[in-house]
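Enquirer: With the working numbering, letter number 35 in the sequence shown gets 44, and the count goes up by one each step, no holes.
After the structure tokens below, expect a handful of questions from me.
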Amino acid sequence: MILNAQLNQLRGLIDESDAILVGAGAGMSIPAGIDLDDREAFKKNYPAMTQYGFEYGYQLLGYPYQDDKLRWGYLSASLMDSARLGRDETYQNLKTVLADKNHFIMTTNVDRLFYKNGFDGDKIYTPQGDSFLFQCKTPCSQDVWDALPLLEEMEQHINPETQMLTDDKYVPTCPHCGGEVYMNVRSGPFYISKHYEPQHERLNQWLTDIAGKKLLLLEIGVGFNTPGVIRAPFEHLATQIPNCTLVRINPKDAHGPEGTLSVQQGIKETLSSLVSA
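In structure tokens, the structure reads:
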């Protein structure tokens with residue numbers, strides 16, 4: 010349970026700040042239902058995958074499948090489960106916290122939950138991509154396209170006994186070259202990121218506009234899977250910018266450099282406590 014003194018300190022930092030830069034990692038989406046470490050949910054939702062020795066979702070990130078029918082049988086099912094998620098209490102509580110504050114959001118999450126929960130799309134930067142866009146894995150062009158219609162079709166053709174697509178014809182291919190496709194997420198040198206540059210430019214302009222003001226770095230659920238995207242840059246900003254404070258909310262990895270407010274508590278609990286008083 011979050012201590013009252015720490016909660017009051019966090020509220021004070023939020024109230025006193027002129028601007029808040031949110032850095033959200035995978036932990037932010039766990040209360041919404043996306044937890045790649047959850048073995049029970051994995052076994053319940055994808056029971057056929059256990060026959061191949063898989064026990065939880067993280068084992069399948071970057072896994073070298075030998076059969077694309079299995080790759081896309083699992084990916085289409087898991088992505089459609091994410092696509093069906095709606096508004097979430099934890100995201101809505103964060104939205105309430107930020108309601109009257111000048112803010113910007115940077116997230117490594119590729120699940121679109123910030124958009125689904127009504128956050129301003131012009132104030133979101135997603136450097137790791139978007140799971141619901143496809144791209145050529147070569148890539149033969151810089152094009153990306155909507156993955157949802159293809160995912161919906163694939164989901165209808167999964168053999169529940171094997172988790173495999175029932176036919177190779179349902180495996181998605183590039184509409185330009187006929188080659189392999191993948192989600193438009195940062196998972197290799199093939200990653201296409203040009204269309205995220207306007208988001209990055211808006212973030213940089215926002216940082217320029219708030220220069221000299223009291224900045225709060227509100228880091229939520231960021232661990233060490235990709236520390237170079239949010240965790241390390243936030244620590245750098247906290248030590249280099251005057252009037253800047255880092256708050257790190259994480260049940261496991263809340264420690265930080267001197268001056269960090271480390272809230273080593275559950276994310277759902279902490280954000281709920283912030284809006285309940």
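Ideal Cβ placement from N, Cα and C applies to all residues, glycine included.
All values derive from a computational prediction rather than experimental measurement.
Looking at Glu161: is its Cβ nearer than 8 Å to the Cβ of Ala57?
Expert: Taking 8 Å as the cut-off, the Cβ atoms of Glu161 and Ala57 do not count as close.
Enquirer: Name the DSSP beta bridge partners of Asn54, please?
Expert: Answer is none; Asn54 lacks a bridge partner.
Enquirer: Pick out whichever of Tyr55, Val194, Glu98 and Tyr72 has its Cα sitting closest to the Cα of Thr235.
Expert: When C-alpha distances from Thr235 are compared across Tyr55, Val194, Glu98 and Tyr72, the shortest belongs to Val194.
Enquirer: Phe199 and Lys146: beta carbons closer than 8 Å?
Expert: yes
Enquirer: Alpha helix (DSSP H) containing Ile276: first to last residue?
Expert: Ile276 to Ser285
Enquirer: Could you tell me the alpha carbon to alpha carbon distance between Glu278 and Lys104, rounded to whole angstroms?
Expert: When rounded, the distance between both Cα atoms is 15 Å.
Enquirer: Please report the distance separating the alpha-carbon of Lys203 from that of Asn13.
Expert: Cα-Cα distance, rounded: 45 Å.
Enquirer: For the beta strand (DSSP E) that contains Glu64, what are its first and last residues?
Expert: Segment: none, Glu64 is in no beta strand (DSSP E) and carries neither H nor E.
Enquirer: With burial defined as no fewer than 16 other Cβ atoms inside 10 Å of the residue's Cβ, what is the status of Ala241: buried or exposed?
Expert: A residue is called buried when at least 16 other Cβ atoms come within 10 angstroms of its Cβ; Ala241 does not meet this threshold and is exposed.
Enquirer: How many Å lie between Val106 and His166 at the Cα?
Expert: 43 Å
Enquirer: In the DSSP assignment, find the unbroken alpha helix (DSSP H) run with Val106 in it and report its ends.
Expert: Its alpha helix (DSSP H) spans residues Glu98 to Leu107.
Enquirer: Under DSSP, the beta strand (DSSP E) around Asp115 begins and ends at which residues?
Expert: Note on residue identity: the sequence assigns Met, not Asp, to residue 115. Here the beta strand (DSSP E) through Met115 covers Asn111 to Thr116.
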